[in-house]
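**Q**
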Amino acid sequence: MMKHYGFYLDTNSCTGCKACQIACKDKNNLPVGVLWRKVIEVQGGEWLPRGDAWLTSAMTYFVSTACNHCELPICVEVCPTQAMHQREDGIVQIDPVRCMGCRYCEMACPYHAPQFDPVRGVMTKCNFCVDLLDEGKSPACVSACQMRVLHFGDLDELRAKFGEVNDIYPLPDPELTRPALVLNPHPEAVRPDRSGVQIGNQEEI
Amino acid sequence: MMDHARGEWSLIFFTTLTQMAVGAFALWGLGAGVLPSPSVFSTGLFSVILLSTVLAALFLGSLSATTHLGRPLGAVFSLSNWRRSWLSREALLAGGFGLMVMAALVLRLMGTRFGWADRLLILIGMLAGFSLVWGISRLYRLRTVPAWDNLATPAAFFTTSLLTGLVAIRLIWFAQEILEPILTRLPMVALFKIRSDLLIFLLVLVQAVFFCLLIIYLTQQGSAGAESVRILWQRHRLALILRWVMAAVGVLLLNLGTSPEQHLSAYFLLLASELIGRFLFYAFYQRTGF
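First to last, the protein sequences are chains A and B.
Be aware that the first sequence starts at 1, since it is given in the working numbering, and climbs by one per residue.
Be aware that the second sequence starts at 1001, since it is given in the working numbering, and climbs by one per residue.
Take a look at the structure:
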């Protein structure tokens, strides 16, 4: 079966250092305001009085997310010029020559992956560092991860090794686009319709 | 998070102008095609002005859409994904509709007797136009955007198309009455006015009903739906109230007003209300996810 590249993230051990985010930004020379990989901080919990003492359920975890090179990429489906296209190995790329910057893919993607470059007037996004892959190297984000919680590989192999979880808050319902993503969920990770949990760095992402 | 509507005025004008063009052509075509020829719909200055207005609205709308693009040169490829992308199909349908309108206008300018060729063009043009409005509504029915992915979207687009089209016809007629008072004495004109007043009232009512149903629907669509409602009420409450007040006052003035000035005010109130409504459509956009 043809390989489909995907990411694995261990949110149980991710410290939110953002080395992956910075490595991506540096490697791709991204302008201010464009983030191909984002580290989302999820926080929640509360302090509860127990007699004279206080108990806490405060928690936080981090989700490092980029383009998930989905199995059902809605961006490819909606792109009128076919600038957004998917390779046989599952990597979704943008052809800047064909892109007209209509931002339809940006409206559609639930992961906020395609981002508009106001200087060039075209959409841009994570391309899985295909140039590095061609040299037999890892994507910049994976290489930069200090905690070794971010991995990549064939999606079927990742699922066989780490399981099939790809659905924790604040990620959207995976059935929408079937992201090529496997997660080791943090114990506190909850579904998005549970109260008391929020994104702590909304302005940053 | 940036207010989505602020960057979308080009699309607000594109969708509203295009839908107005379709509505005006369809309603004119209905009158011209159904009434025995010749009639004030099918011959004379009125039909030429109306068809020219439809073409101008379509052209200005398309021009507005082009300003939305970050790299307009890439638009040469915009038809290439017609098999899957509703945006590609929209471009094709807009082109097809525009050609039909142009052909109808040429026939009217040639002064030929209104006949089967006109009726055929009107029929194909109406089909192309309604397909265009349907295509635009499908374009926005993204499965990742609960606020748009529901029946309220095509309902809003079709009612806007008919309402603004009707107002456009009334405005052109109003302008012509100033130039040709004889038109006001024709009994058919009075009948058209009465029936179109009622139709405008019904269209606004349909819009109000669908809006209420949409709010109820969104409260059951998880965090994205709830966020859409919150955006509408917390950030755009004034615009929301203004939109419905203007629509209501416009309908009242049209149906109860007696002076031409009151009717003219009604037309502009209704058009402004539709523009605000379209602004709010883009404003309450919220993607599933983060």
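Think of the CB as a built atom: it goes at the ideal place given N, C-alpha and C, for glycine as much as any other residue.
The model shown is predicted, which means the values in this text are computed figures rather than measured ones.
(1) So is B/Arg1237 in contact with chain A if we call contact Cβ pairs under 8 Å?
(2) In angstroms with no decimal places, state the Cα-to-Cα distance between B/Gly1044 and B/Leu1240.
(3) Among the candidates B/Gln1176, B/Ala1156, B/Leu1232 and B/Asp1197, whose CA atom is the shortest distance from the CA of B/Leu1166?
(4) State the Cα-Cα distance for the pair A/Arg158 and A/Val142, rounded to the nearest angstrom.
(5) So the alpha helix (DSSP H) B/Glu1090 belongs to, where does it begin and stop?
(6) Which residues mark the beginning and the end of the alpha helix (DSSP H) in which A/Glu41 is found?
(7) Judging by CA-CA distance, which residue of A/Ile91, A/Cys24 and A/Glu106 is the nearest neighbour of A/Asp154?
(8) Between which two residues does the alpha helix (DSSP H) harbouring A/Gln198 extend?
(9) Could you tell me whether the Cβ atoms of B/Pro1146 and B/Thr1288 are closer together than 8 Å?
(10) At what residues does the alpha helix (DSSP H) containing B/Arg1243 begin and finish?
(11) Measure the alpha-carbon distance for A/Val34 versus A/Pro179 and round it to whole angstroms.
(12) What is the DSSP secondary structure of A/Thr56, counted as helix, strand or coil?
(13) Step through the CB atoms of chain A and report whether any lies within less than 8 Å of the CB of B/Phe1097.
(14) I need the straight-line Cα distance from B/Met1002 to B/Trp1009, nearest angstrom please.
(15) Going by C-alpha to C-alpha distance, which of A/Glu77, A/Trp36 and A/Glu41 sits closest to A/Glu203?
(16) Using a Cβ-Cβ cut-off of 8 Å, state whether A/Gly101 counts as contacting chain B.
(17) Please check the pair B/Thr1144 and A/Leu176, which I expect to be a contact at CB under 8 Å, by giving their CB distance rounded to whole angstroms.
(18) Round the Cβ separation of B/Val1133 and B/Val1022 to the nearest angstrom and send it over; I've been treating them as touching at under 8 Å.
(19) What residues from the region 87 to 116 of chain A come within 8 Å of chain B, judged by C-beta to C-beta, listed N to C?
(20) Give the range of the beta strand (DSSP E) segment to which A/Tyr169 is assigned.
(21) Applying a beta-carbon distance threshold of less than 8 Å, which residues of chain B neighbour A/Glu77?
(22) Quick check: what's the CA-CA separation for B/Leu1058 versus B/Leu1017?
(23) Start and end of the alpha helix (DSSP H) containing A/Pro187?
(24) Return helix, strand or coil for A/Arg50, following the three-state DSSP convention.
(25) Is it right to say B/Pro1260 is buried, meaning 16 or more other beta carbons lie within 10 angstroms of its own, or is it exposed?
(26) If contact means a Cβ-Cβ distance below 8 Å, which residues of the region 147 to 175 of chain A contact chain B?
(27) If you measure from the beta carbon of B/Val1245 to each beta carbon in chain A, is any gap under 8 Å?
(28) Which residues in the same chain have their Cβ closer than 7 Å to the Cβ of B/Phe1281, if we skip the five residues on either side of it in sequence?
(29) Can you name, in chain order, every residue of its own chain whose Cβ lies under 7 Å from the Cβ of A/Met147, other than the five neighbours on each side?
(30) At 9 Å on the CB atoms, spell out the chain A contacts of B/Gly1074, in chain order.
(31) Mind checking who A/His151 pairs with in its DSSP beta bridge?
(32) Out of B/Thr1258, B/Arg1278, B/Leu1254 and B/Phe1279, state which residue places its alpha-carbon closest to the alpha-carbon of B/Phe1268.
(33) Span of the alpha helix (DSSP H) holding A/Gln215?
(34) Express the C-alpha separation of B/Leu1120 and B/His1236 in angstroms, rounding to a whole number.
(35) Less than 8 Å between the C-beta atoms of B/Ala1175 and B/Leu1214, yes or no?
**A** Well, looking at it:
(1) Here residue 1237 of chain B refers to the residue found at position 237 of the second sequence. B/Arg1237 does not count as touching chain A.
(2) Here residue 1044 of chain B is taken as the residue at index 44 of the second sequence, counted from 1. Here residue 1240 of chain B is taken as the residue at index 240 of the second sequence, counted from 1. For B/Gly1044 and B/Leu1240, the distance between alpha carbons rounds to 41 Å.
(3) Taking the first residue of the second sequence as position 1, residue 1166 of chain B is located at position 166. Among B/Gln1176, B/Ala1156, B/Leu1232 and B/Asp1197, the Cα nearest to that of B/Leu1166 is on B/Asp1197.
(4) Against the first sequence, residue 158 of chain A aligns to sequence position 158. Against the first sequence, residue 142 of chain A aligns to sequence position 142. Note that residue 158 of chain A is Leu in the sequence shown, not Arg. In this structure, the CA atom of A/Leu158 is about 14 Å from the CA atom of A/Val142.
(5) Within the second sequence, residue 1090 of chain B is the residue found at index 90, counting from 1. First-last of the alpha helix (DSSP H) with B/Glu1090: Trp1086 to Met1110.
(6) Residue mapping note: residue 41 of chain A aligns to position 41 of the first sequence, counting from 1. Where A/Glu41 is concerned, there is no enclosing alpha helix (DSSP H), although the beta strand (DSSP E) around it starts and stops at Lys38 to Gly44.
(7) By 1-based counting over the first sequence, the position of residue 154 of chain A is 154. When only C-alpha atoms are compared, the closest one is A/Ile91.
(8) Here residue 198 of chain A corresponds to residue number 198 of the first sequence, with the count starting at 1. It is not in any alpha helix (DSSP H) - A/Gln198 instead sits in the beta strand (DSSP E) that spans Val197 to Ile199.
(9) Sequence index remark: in the second sequence, residue 1146 of chain B carries index 146 (1-based). Sequence index remark: in the second sequence, residue 1288 of chain B carries index 288 (1-based). The beta carbons of B/Pro1146 and B/Thr1288 sit closer together than 8 Å.
(10) Residue 1243 of chain B sits at position 243 when you count from the first residue of the second sequence. Residues Arg1237 to Leu1256.
(11) Stepping through the first sequence from its first residue, residue 34 of chain A is reached at position 34. Stepping through the first sequence from its first residue, residue 179 of chain A is reached at position 179. If I take the Cα positions, the gap works out to 21 Å.
(12) Along the first sequence, one-based indexing puts residue 56 of chain A at 56. In the structure shown, A/Thr56 sits in a strand (DSSP, three-state: E or B).
(13) Walking along the second sequence from the start, residue 1097 of chain B turns up at place 97. It does not: the Cβ of B/Phe1097 has no partner Cβ on chain A nearer than 8 Å.
(14) As a working note, residue 1002 of chain B is residue 2 in the second sequence. As a working note, residue 1009 of chain B is residue 9 in the second sequence. Here B/Met1002 scores only 44 on pLDDT, less than 50, and its place in the model should not be relied on; the value that follows carries that caveat. Distance between the alpha carbons of B/Met1002 and B/Trp1009 is about 14 Å.
(15) Here residue 203 of chain A refers to the residue found at position 203 of the first sequence. Of the candidates A/Glu77, A/Trp36 and A/Glu41, the one whose C-alpha sits nearest the C-alpha of A/Glu203 is A/Glu41.
(16) Taking the first sequence and counting its residues from 1, one reaches residue 101 of chain A at position 101. Residue-level contact check: A/Gly101 touches chain B, since one or more beta carbons of chain B fall below 8 Å from its beta carbon.
(17) The residue labelled residue 1144 of chain B in the question sits at position 144 within the second sequence. The residue labelled residue 176 of chain A in the question sits at position 176 within the first sequence. In this structure B/Thr1144 is in contact with A/Leu176, their Cβ atoms being roughly 6 Å apart against a cut-off of 8 Å.
(18) For the purposes of this step, residue 1133 of chain B is taken as the residue at position 133 of the second sequence. For the purposes of this step, residue 1022 of chain B is taken as the residue at position 22 of the second sequence. Rounded to the nearest angstrom, the Cβ distance from B/Val1133 to B/Val1022 is 5 Å, consistent with a contact under 8 Å.
(19) Val97, Arg98, Cys99, Met100, Gly101, Cys102, Arg103, Tyr104, Met107, Ala108, Cys109, Pro110, Tyr111, His112 and Phe116
(20) Here residue 169 of chain A refers to the residue found at position 169 of the first sequence. No beta strand (DSSP E) holds A/Tyr169; DSSP gives it neither H nor E.
(21) Mapped onto the first sequence, residue 77 of chain A falls at position 77. Simply Arg1084 and Ser1085.
(22) For the purposes of this step, residue 1058 of chain B is identified with residue 58 of the second sequence, where counting begins at 1. For the purposes of this step, residue 1017 of chain B is identified with residue 17 of the second sequence, where counting begins at 1. So the alpha carbons of these two residues sit roughly 6 Å apart.
(23) The residue you call residue 187 of chain A lines up with position 187 of the first sequence. Element bounds for A/Pro187: n/a, residue is neither H nor E.
(24) As a first step, residue 50 of chain A must be located in the first sequence, where it is residue number 50. DSSP places A/Arg50 in strand when its eight states are reduced to three.
(25) Working through the second sequence from its first residue, we reach residue 1260 of chain B at position 260. By the beta-carbon neighbour count (other beta carbons within 10 angstroms, threshold 16), B/Pro1260 is exposed.
(26) Pro170, Leu171, Pro172 and Asp173
(27) Locating residue 1245 of chain B in the second sequence gives position 245, counting from the first residue. No, its Cβ sits nowhere closer than 8 Å to a Cβ of chain A.
(28) As a first step, residue 1281 of chain B must be located in the second sequence, where it is residue number 281. Excluding sequence neighbours, B/Phe1281 sits near Ala1156.
(29) Mapped onto the first sequence, residue 147 of chain A falls at position 147. The residues are Ser13, Cys14 and Thr15.
(30) Indexing the second sequence from 1 puts residue 1074 of chain B at position 74. Within chain A, the C-beta atoms nearer than 9 Å to that of B/Gly1074 come from Thr81, Ala83, Pro96, Val97, Arg98, Cys99, Met100, Gly101, Cys102, Gly121 and Val122, in chain order.
(31) Your numbering for residue 151 of chain A matches position 151 in the first sequence. Looking at the DSSP assignment, A/His151 forms a beta bridge with A/Tyr8.
(32) In the second sequence, the residue the question calls residue 1268 of chain B occupies position 268. When each option's Cα is compared against that of B/Phe1268, the closest is B/Leu1254.
(33) Nothing in the structure corresponds to residue 215 of chain A, since chain A is present only between 1 and 205.
(34) On the second sequence, residue 1236 of chain B is found 236 positions in, with the first residue counted as 1. On the second sequence, residue 1120 of chain B is found 120 positions in, with the first residue counted as 1. Distance between the alpha carbons of B/His1236 and B/Leu1120: 45 Å.
(35) If you number the second sequence from 1, residue 1175 of chain B lands on position 175. If you number the second sequence from 1, residue 1214 of chain B lands on position 214. In this structure, B/Ala1175 lies away from B/Leu1214, with their beta-carbon atoms at least 8 Å apart.
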